[in-house]
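> Below is one structure. I have some questions about it.
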Amino acid sequence: MASASKASRFFNLADQREYAFCQAINRVARFPGVLGYFQLVSRLGDGGFWYALILAIPLLVPDQGPALALLMTLTGLACTLTYKVLKRRLVRERPFISFPSINCGTPPLDRYSFPSGHTLHAVCFQAMLLNAAPALALAILPFTISVAASRVVLGLHYPTDVAAGAVIGGLMGYASTQYVLFEMRVLLSA
Numbered sequence: 023m024a025s026a027s028k029a030s031r032f033f034n035l036a037d038q039r040e041y042a043f044c045q046a047i048n049r050v051a052r053f054p055g056v057l058g059y060f061q062l063v064s065r066l067g068d069g070g071f072w073y074a075l076i077l078a079i080p081l082l083v084p085d086q087g088p089a090l091a092l093l094m095t096l097t098g099l100a101c102t103l104t105y106k107v108l109k110r111r112l113v114r115e116r117p118f119i120s121f122p123s124i125n126c127g128t129p130p131l132d133r134y135s136f137p138s139g140h141t142l143h144a145v146c147f148q149a150m151l152l153n154a155a156p157a158l159a160l161a162i163l164p165f166t167i168s169v170a171a172s173r174v175v176l177g178l179h180y181p182t183d184v185a186a187g188a189v190i191g192g193l194m195g196y197a198s199t200q201y202v203l204f205e206m207r208v209l210l211s212a
């Protein structure tokens, strides 16, 4: 309970410091084209884009595609468990809830804000592809960046939520591919 109150005090202070920046970024959502773009990116980042990519990986990268698709699926599940546990324990309200002047550009999938699960998954998969299929990683980089930006533009996350999601996701994606590559080297050298 004490750790929850410490987190609550920390987030209250951080929320106040990030408010003006969040509000400024959220203002770009007033433009219909910008709002529509980030709503679409956010909706695709809910999972649809990643599911389609995982299904397509065996065709796009035939030599290692099936193994990579399985690894992305398993790592994605680990990401989901990680961000859900963190959100329930850390309990940071979303910017549009804490500050009524910040508009919610699309309904959130869950209540709390920290860390950004969309960003966590996007950066995780980006890191995995960077290790296993760099050309494909480069092709989807604009989408990954757009997913991360959409979270603040749509009033759903603070920049620190997105940064934390990116760090956690990047580490999980990198670690999972490095572990598998290490295991493959061990098996091949045996």
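In our numbering, each number is its position in the sequence shown, counted from 1, plus 22.
Ideal Cβ placement from N, Cα and C applies to all residues, glycine included.
Note that the coordinates shown come from a computational prediction; the quantities given were computed from them, not determined experimentally.
(1) Count the other CB atoms within 10 Å of the CB of Asp85; is the residue buried (16 or more) or exposed (fewer)?
(2) Go to Leu77, then tell me how far its alpha helix (DSSP H) extends in each direction, as first and last residue.
(3) So, is Asp132 buried or exposed, given that buried needs 16 or more other C-beta atoms within 10 angstroms?
(4) Using 7 Å as the threshold, is the C-beta distance between Pro137 and Tyr105 below it?
(5) Sort Phe165, Asp183 and Gly177 by Cα distance to Gly67 and report the nearest one.
(6) Can you grab the Cα-Cα spacing for the pair Lys28 / Thr128, in whole Å?
(7) Ends of the alpha helix (DSSP H) at Cys101?
(8) Mark Val145 as exposed unless 16 or more other C-beta atoms lie within 10 angstroms of its C-beta, in which case mark it buried.
(9) Do the CB positions of Gly87 and Ala149 come within less than 7 Å of each other?
(10) Would Met23 be called buried (16 or more neighbouring beta carbons within 10 Å of its own) or exposed?
(11) Just list the residues that DSSP pairs Tyr134 with in beta bridges.
(12) If distances are taken between C-alpha atoms only, which option among Leu90, Ser168 and Leu160 comes closest to Ile79?
(13) Excluding five sequence neighbours on each side, which residues of the same chain lie with their C-beta closer than 7 Å to the C-beta of Leu96?
(14) Identify which residue in Ser123, Ala161 and Arg173 has its Cα closest to the Cα of Leu142.
(15) Taking 6 Å as the limit between beta carbons, can you name the residues of its chain near Tyr196, skipping five residues before and five after?
(16) Which residue comes first and which comes last in the alpha helix (DSSP H) that contains Pro129?
(17) Mark Tyr201 as exposed unless 16 or more other C-beta atoms lie within 10 angstroms of its C-beta, in which case mark it buried.
Reading from the atomic positions:
(1) exposed
(2) Phe71 to Leu82
(3) exposed
(4) With contacts defined by Cβ atoms closer than 7 Å, Pro137 and Tyr105 form a contacting pair.
(5) Answer by Cα proximity: Phe165.
(6) For Lys28 and Thr128, the gap between their C-alpha atoms comes out near 30 Å.
(7) DSSP places Cys101 in the uninterrupted alpha helix (DSSP H) bounded by Gly87 to Leu112.
(8) buried
(9) Taking a C-beta distance under 7 Å as the contact criterion, Gly87 and Ala149 do not qualify as a contact pair.
(10) Residue confidence for Met23 is low, a pLDDT of 49 falling below 50, so the modelled location carries little weight; the figure read from the coordinates is stated next. Exposed, since its Cβ has fewer than 16 Cβ neighbours within 10 Å.
(11) Glu115
(12) When each option's Cα is compared against that of Ile79, the closest is Leu90.
(13) none
(14) Of Ser123, Ala161 and Arg173, the residue nearest in Cα terms is Arg173.
(15) Ala149
(16) Run containing Pro129: none; DSSP gives neither H nor E here.
(17) exposed
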